[in-house]
DNA sequence: GAAGCCGTAC
């Protein structure tokens, strides 16, 4: 049964083509009887063969010789060949033909193929082999499930995952920690985190990998508080975290803006001799930057010996979001000097820095150089930055023209930015055009209507504002409620905008009322222009008074010692009025306040904001 | 054999 290697390597790479030819035969015989009449191979020859085959450079050559000379290949080497042919760019089909060449396939071979497909991101192929196993009476075993589940997770096919879970239970593999950990991971990635938790709870001998899979699941579903809870739970259970665990927990801290928690993790890494590898280091920089402590982020960056493009990117965007555009651009220059190759995300940070700083010319230059000098194709996010940069700076025509030149369809964010720019610069006509596009794409997003109402309110066109309100009622559109949180003594408190006094928080409302009086004497005037409804001034003022960020601020003033920076995280953008209010509070109450809103940071010190009122 | 990794425009 001679066969040329050439035809073997030219096997079809298309799945349907080769599956068509495939006959899978269950193997009851030993895997080593690959040939009908295997010639004897001495032990030394065998070991030589194995060694040679493990050297990828000689693989094709060896293979060719073996086939030409009709030398049988034992099971181990066959596996290696499959690994090799899959890993070396799309020889997957050849691997299968190879087994066909020898005429049979068994569960080990299937597992091997599934693993190779999974590792090379061909997840549907991986699932296909799994289903073929069943069809051909080859039973999956404990090595089949972890890998196929990984592919199922990547494909986000939860119903398939559930079916596989049933098989696992029926076959009695659920007590296998590898299998059940893979299930936890699969459910977590497929957004069925309660199932993940349930499987996790039933693992008898869970280990650090199982814990990490659970954390990954919570992070994936943006349940960041749960991640912190799980980390505490781990410590009570005596599980020893590893670097991957810390990365997961830091990610959660970064999203929550939970600085104290994050600091605690930083110390923990230090005290428990966990490595400050590039993943942990980058996650730390990101955490500090997202908690508004750029100096700490800088320190970590300087202490890191091994850096990569991610490390630079978190530093650059960290500077950008904290209003340190100059530092961001300097970091970018240093990055280039140190011969790191910037990628799309690097330029997102750079453009974002220009945008927050209003550096229009620089932004235009970077946008061009990204394309021309670095050969990177702008993605919709880059256009997003540019539209925002141009629009906010008043170049509405340029922004509109840029949208027209985009090679992709503008998304809601792009139109919302244009609308926002129209609101700032009072261009009702273009704003109406933008909102039309926006509502086609996002008819249910309350934020869009609010922007539109604000556009009209700026012009005192209360009839139009009323129309927008009616439209919202009629379409049953709800606004996302503003929600702010503040961390006091390691506990995160959340405040939602409301006009009635929450039981237990009476003093917060009382303090706010007092502050209002005090600040008015210091020159605070409620900015009612953005309270978009046609209501009496006093009423507008009242509705502004209980914005979530103000509630969080008053609570922070009550519950923390003087001198401590108040750190507030808000789900939406800070409103114009609160921005002014916070500036005066920082002066009158001599408190540094930092607010992380949906877009960026505002650091209020001594009556001024780091954004220099450009936001 | 399982997790595995850090960054992304309003």
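Residue numbers (the UniProt record's numbering): 1 to 615.
Here a beta-carbon is modelled for each residue, glycine too, at the ideal position from N, C-alpha and C.
- Taking 9 Å as the cut-off, the beta carbon of residue 181 is found closer than this to the beta carbon of residue 210.
- Residue 495 is a Cβ neighbour of residue 549, given a cutoff of 9 Å.
- The continuous beta strand (DSSP E) containing residue 602 extends over residues 601–605.
- Residue burial annotation: residue 166 is exposed, with fewer than 16 other C-beta atoms found within 10 angstroms of its C-beta.
- When Cβ pairs closer than 8 Å are counted between the two stretches, the segment 498–508 is seen not to touch the segment 580–589, the count staying below three.
- By the Cβ rule, the segment 300–307 counts as touching the segment 283–291, because three or more pairs are nearer than 8 Å.
- Residue 212 places its beta carbon less than 9 Å from that of residue 242.
- In the structure shown, residue 495 falls within a strand segment according to DSSP collapsed to helix, strand and coil.
- Beta-bridge pairing by DSSP links residue 269 to no other residue.
- Beta-bridge analysis with DSSP links residue 488 to 491.
- The DSSP-derived three-state label of residue 477 is coil.
- Spatial neighbours of residue 569 in its own chain (CB-CB distance under 6 Å, excluding positions within 5 residues in sequence) are listed in chain order as 257, 485 and 596.
- Using a Cβ-Cβ distance cut-off of 8 Å, the segment 385–397 and the segment 409–422 are in contact, since at least three pairs of beta carbons, one from each stretch, lie closer than that value.
- With a cut-off of 8 Å on Cβ pairs, the segment 420–435 is in contact with the segment 443–457, counting three or more such pairs.
- Inclusion of residue 427 and residue 439 in the CB contact set at 9 Å is not warranted, their separation being larger than that value.
- The C-beta distance from residue 337 to residue 312 rounds to 11 Å, too long to meet the 8 Å contact threshold.
- The residues 219, 224, 227 and 228, in chain order, have a CB closer than 7 Å to that of residue 252 in the same chain once the five nearest residues on each side in sequence are set aside.
- Beta-bridge partners of residue 596 (DSSP): 569 and 601.
- Boundaries for residue 293: no alpha helix (DSSP H) harbours it, and the DSSP string shows neither H nor E there.
- If one requires a minimum length of 4 residues, the alpha helix (DSSP H) runs lying completely within the segment 333–366 are 344–357, in chain order.
- Scanning its chain for C-beta atoms nearer than 6 Å, with the 5 sequence neighbours on each side dropped, one finds around residue 394 the residues 425, in chain order.
- Under DSSP, residue 608 shares a beta bridge with 605.
- A direct Cα-Cα distance of roughly 6 Å separates residue 149 from residue 186.
- Under the 10 Å beta carbon count, residue 296 is surrounded by 16 or more other beta carbons and is classified as buried.
- In this chain, the alpha helix (DSSP H) harbouring residue 397 covers 396–405.
- Per DSSP, the continuous alpha helix (DSSP H) segment holding residue 548 begins and ends at 548–559.
- Listed in chain order, the non-local C-beta contacts of residue 574 below 7 Å within the same chain comprise 549, 595, 597 and 602, local neighbours out to five positions each way being set aside.
- For residue 433, the uninterrupted alpha helix (DSSP H) run begins and ends at 428–441, by DSSP.
- The three-state secondary structure of residue 253, taken from DSSP, is helix.
- In this structure, the straight-line span from the alpha carbon of residue 409 to that of residue 383 is close to 11 Å.
- Looking at the DSSP output, residue 483 shares a beta bridge with 496.
- Taking residue 124 as the centre and dropping the five residues before and after it, the same chain places the C-beta of 155 closer than 7 Å to its C-beta, in chain order.
- Here residue 190 has 153, 156, 158 and 161 as same chain residues with Cβ atoms under 7 Å from its own Cβ, once five neighbours each way along the sequence are excluded.
- By a beta-carbon distance limit of 8 Å, residue 490 does not contact residue 277. Their separation comes to about 27 Å.
- A distance below 8 Å between beta-carbons, with the five flanking residues on each side excluded, links residue 446 to the following residues of its chain, in chain order: 472, 477, 478, 479 and 480.
- The beta-carbon distance between residue 418 and residue 403, rounded to whole angstroms, is 7 Å. This is short enough to meet the 8 Å contact definition.
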